[in-house]
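Below is one structure, written out as structure tokens, with a few remarks after it.
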Amino acid sequence: MMKAGSHLPIPEKDYLTIEQRKIADWYRTAFQQSNISLWLVDLGTLPGKLEKYSAQDIRDYNHYFAHHIFELLTLARQLKVVDVNMPTLALYGGKDKGTFLKQIANKHNKDQLEVLKKLVVALLEQRHYFETEATASHRNGHQFKVVMKAIIPEHVTDHTRMLISVTSLAHRKKVSQLLFPEQDIYQTFLHNAPVCIHEIDQDGRLTAMNDTGLKMLRLNDVSQILGCRYLSLVTDDDKPRIEYLMLRAFNGYSSEFEFQLRCNGELRVFSSCFIPIEENKDQVHHIIGITQDITERKHSEEELYHQANYDLLTNLPNRSHFTDSVKHALTQARRRRHGLALLFIDLDNFKPINDTYGHAMGDTLLQQVSATIQNTLRKEDLTCRFGGDEFIILLPSIAKRNNAAVVAEKVLRCIQQPINLSNQQLSISASIGISTFPEDGDSYETLMPHADMAMYKVKNYGGNSYQFHQVEKTNFKM
């Protein structure tokens, strides 16, 4: 139940859960205390209308909507800005909120469709963040540049509401003058800053760098870097993206990015930003870059992520990672209207091998089997070590149910091949249970038990075979 006269999605206090209360308080705080422009946007029926595009085989949504303007206009009618805060009125020169909301469609006439297209693409590609630059119109008629940002909710449905922040990029001053009017103080800051600060001229060449930057690049003197093209230091994979961001900076737009750089032959990871510096009005003279070496932090993040999402013995995705992957694959299967399969694999008579040859030999065997399974699959397929001697395969896209049987047969044959470990030739087989979407269920919670049940049926018949959850389908015996 909405409060009378309120545009915010805040129900009456008596009906609030703890989580709703947190959300309600957050909305109030954001609108009442934020000093930046905030728009509350109702997506209307846009998410529902986008489902048909997700079901189509569209490889490039940007290209598609660039050539289907009328469809984009139809989608635009679904959106509605239902509230703005006071800094918004100050930014655009609005007198009162009611009038501003009626006229808001005229505030970005120049690139309104381009902004909408980027939001639509962000929703279709299931991004969690939206950011774009636009040209805004003030009440007095002058135009100015803004950046629009939004965090997209995890679950977007019809009439989902989201906050979009709008920040002016119109008034820039030279960074050194803005922070340090006195030149000697600026120079002291520049050379003692704990981050790399450098300048790039209009030809893309480095014209200055502080001592921290020289240390990052393993250089002894600034003369070793002056005049070098900035892009010559960047890896080939990053060059097109960084060049594009540099061109944007010379057009007046700042940016933040990560990239890789070779320092004396060693590949390092950096976080950086480009800040355009205007000497004259609307003319960028050079760029200031601020860069930090985040290699160690990245390695730590990757190690923590790997430990949380991968099995340490086989290096396969663990149960948690696999569960998320299956749920995502099911979403795609529904949208694109294709099948999906889970293959639950349990090795036959693995315990006697473990007991006879020891756990170290057993672990090595599991590593060999996991590698064998992976080598039989397509690039898009996923294998998980579910626990012990159990593995699961996700086939995220199958044209027909029998495709899963073909994979199961291939896996059984490959696992049966003798394995040489420490001068011992070992042979093993497996039991495989198969469940498919949509025949055997439409959720992870349904498909997993069905594949498990089918696997145990194979075990009861002696193993070394596969079986679908629906037993009337063809089964296979090695």
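According to our numbering, the sequence shown is numbered sequentially starting from 26.
Quick reminder that beta carbons are idealized off the backbone N, C-alpha and C, glycines included.
Reference residue i; option with closest CA among the options
{"i": "glutamine 495", "options": "Thr461, Lys484, Gly487", "result": "Thr461"}
{"i": "threonine 192", "options": "Ile418, Asn60, Thr401", "result": "Asn60"}
{"i": "isoleucine 417", "options": "Pro443, His475, Ser447, Asp262", "result": "His475"}
{"i": "glutamate 405", "options": "Glu158, Leu286, Leu420", "result": "Leu420"}
{"i": "asparagine 217", "options": "Thr237, Asn448, Pro72", "result": "Thr237"}
{"i": "glutamine 285", "options": "Tyr278, Gly277, Val294, Glu96", "result": "Val294"}
{"i": "asparagine 289", "options": "Val172, Val259, Asp67", "result": "Val259"}
{"i": "alanine 515", "options": "Lys143, Asp246, Val66, Leu446", "result": "With the chain covering only 26 through 503, there is no way to say anything about residue 515."}
{"i": "tyrosine 469", "options": "Asn427, Ser350, Lys170, Pro72", "result": "Ser350"}
{"i": "leucine 391", "options": "Asn428, Ile444, Val109, Asn427", "result": "Ile444"}
{"i": "histidine 180", "options": "Gln128, Gln308, Thr356", "result": "Thr356"}
{"i": "glycine 314", "options": "Asn485, Asn235, Lys323, Gln332", "result": "Asn235"}
{"i": "arginine 254", "options": "Ser422, Arg243, Glu268", "result": "Glu268"}
{"i": "phenylalanine 493", "options": "Asp477, Cys409, Lys240", "result": "Asp477"}
{"i": "asparagine 165", "options": "Leu365, Ala130, Lys127, Ala115", "result": "Ala115"}
{"i": "histidine 167", "options": "Phe125, Lys143, Tyr117, Gln128", "result": "Tyr117"}
{"i": "isoleucine 176", "options": "Glu156, Lys240, His92, Arg438", "result": "Glu156"}
{"i": "leucine 242", "options": "Val172, Asp226, Gln317, Gly229", "result": "Gln317"}
{"i": "arginine 438", "options": "Arg426, Ile457, Asn427, Ser422", "result": "Ile457"}
{"i": "histidine 184", "options": "Leu71, Ala91, His331", "result": "Leu71"}
Spatial distance of residue i from residue j (CA atoms)
{"i": "valine 140", "j": "lysine 132", "result": "12 Å"}
{"i": "alanine 479", "j": "phenylalanine 369", "result": "8 Å"}
{"i": "threonine 389", "j": "leucine 367", "result": "25 Å"}
{"i": "serine 248", "j": "arginine 266", "result": "27 Å"}
{"i": "leucine 270", "j": "phenylalanine 299", "result": "8 Å"}
{"i": "alanine 424", "j": "aspartate 467", "result": "16 Å"}
{"i": "glutamate 262", "j": "isoleucine 319", "result": "Note that residue 262 is aspartate in the sequence shown here, rather than glutamate. C-alpha separation (whole angstroms): 18 Å."}
{"i": "valine 200", "j": "threonine 232", "result": "Caution is warranted here: a pLDDT of 43 is assigned to valine 200, below 50, making its placement in the model unreliable, and no coordinate value can be reported."}
{"i": "threonine 160", "j": "histidine 363", "result": "42 Å"}
{"i": "isoleucine 312", "j": "leucine 272", "result": "10 Å"}
{"i": "glutamine 202", "j": "glutamate 303", "result": "Unreliable positioning characterises glutamine 202 in this predicted model, as indicated by a pLDDT of 45, which lies under 50. A coordinate reading is not provided."}
{"i": "methionine 414", "j": "glutamine 137", "result": "The question names methionine, yet the displayed sequence has aspartate at residue 414. Distance between the alpha carbons of aspartate 414 and glutamine 137: 56 Å."}
{"i": "asparagine 448", "j": "tyrosine 382", "result": "12 Å"}
{"i": "leucine 256", "j": "threonine 113", "result": "39 Å"}
{"i": "methionine 111", "j": "glycine 119", "result": "9 Å"}
{"i": "leucine 402", "j": "alanine 396", "result": "10 Å"}
{"i": "leucine 100", "j": "leucine 63", "result": "22 Å"}
{"i": "glutamate 464", "j": "histidine 353", "result": "18 Å"}
{"i": "lysine 77", "j": "tyrosine 491", "result": "36 Å"}
{"i": "threonine 182", "j": "leucine 104", "result": "13 Å"}
{"i": "serine 297", "j": "leucine 68", "result": "34 Å"}
{"i": "leucine 98", "j": "glutamine 442", "result": "59 Å"}
{"i": "tyrosine 278", "j": "tyrosine 89", "result": "26 Å"}
{"i": "phenylalanine 347", "j": "asparagine 400", "result": "18 Å"}
{"i": "glycine 252", "j": "alanine 274", "result": "19 Å"}
{"i": "histidine 153", "j": "isoleucine 250", "result": "38 Å"}
{"i": "histidine 310", "j": "serine 325", "result": "38 Å"}
{"i": "glycine 488", "j": "alanine 333", "result": "33 Å"}
{"i": "lysine 482", "j": "aspartate 380", "result": "25 Å"}
{"i": "alanine 358", "j": "cysteine 409", "result": "20 Å"}
{"i": "asparagine 245", "j": "glycine 73", "result": "59 Å"}
{"i": "glycine 123", "j": "serine 162", "result": "18 Å"}
{"i": "methionine 473", "j": "lysine 142", "result": "38 Å"}
{"i": "serine 422", "j": "isoleucine 225", "result": "48 Å"}
DSSP beta-bridge partners of residue i
{"i": "lysine 174", "result": "Glu156, Ser190"}
{"i": "isoleucine 225", "result": "Leu231, Ile312"}
{"i": "leucine 446", "result": "Gln449"}
{"i": "threonine 397", "result": "None; threonine 397 has no bridge partner."}
{"i": "proline 265", "result": "Looking at the DSSP assignment, proline 265 forms no beta bridge with any residue, so it has no partner."}
{"i": "valine 259", "result": "Leu286"}
{"i": "glutamate 281", "result": "Cys298"}
{"i": "glycine 364", "result": "Ile423"}
{"i": "threonine 113", "result": "BP columns for threonine 113 are empty, so no partner."}
{"i": "tyrosine 330", "result": "Beta-bridge pairing links tyrosine 330 to no other residue."}
{"i": "leucine 292", "result": "Arg287"}
{"i": "lysine 105", "result": "Asp67"}
{"i": "alanine 62", "result": "The displayed chain sequence assigns serine, not alanine, to residue 62. Val191."}
{"i": "leucine 372", "result": "Ala455"}
{"i": "arginine 16", "result": "Residue 16 lies beyond the residue range present for the chain, which begins at 26 and ends at 503; the question has no answer from this structure."}
Supposed contact pair residue j and residue i - C-beta distance, whole angstroms, cut 8 Å
{"i": "valine 394", "j": "isoleucine 459", "result": "Not confirmed; about 18 Å, so no contact."}
{"i": "isoleucine 398", "j": "valine 436", "result": "6 Å"}
{"i": "arginine 344", "j": "phenylalanine 411", "result": "6 Å"}
{"i": "leucine 407", "j": "proline 342", "result": "6 Å"}
{"i": "leucine 75", "j": "valine 145", "result": "7 Å"}
{"i": "leucine 194", "j": "lysine 174", "result": "Not really, about 12 Å apart at Cβ, beyond 8 Å."}
is_contact[residue i, chain D] using C-beta, thresh 8 Å
{"i": "cysteine 409", "result": "Of the protein chains in the structure, only one exists, and it is not chain D."}
At least 3 beta-carbon pairs within less than 8 Å: the stretch 217 to 226 vs the stretch 181 to 194: no
The stretch 371 to 384 touching the stretch 441 to 456, judged by at least three CB pairs closer than 8 Å: yes
At least three beta-carbon pairs within less than 8 Å, the stretch 333 to 347 to the stretch 430 to 439: Output reads no: the stretch 430 to 439 does not touch the stretch 333 to 347.
contact_flag[the stretch 71 to 86, the stretch 148 to 162] where n(CB pairs < 8 Å) is 3 or more: yes
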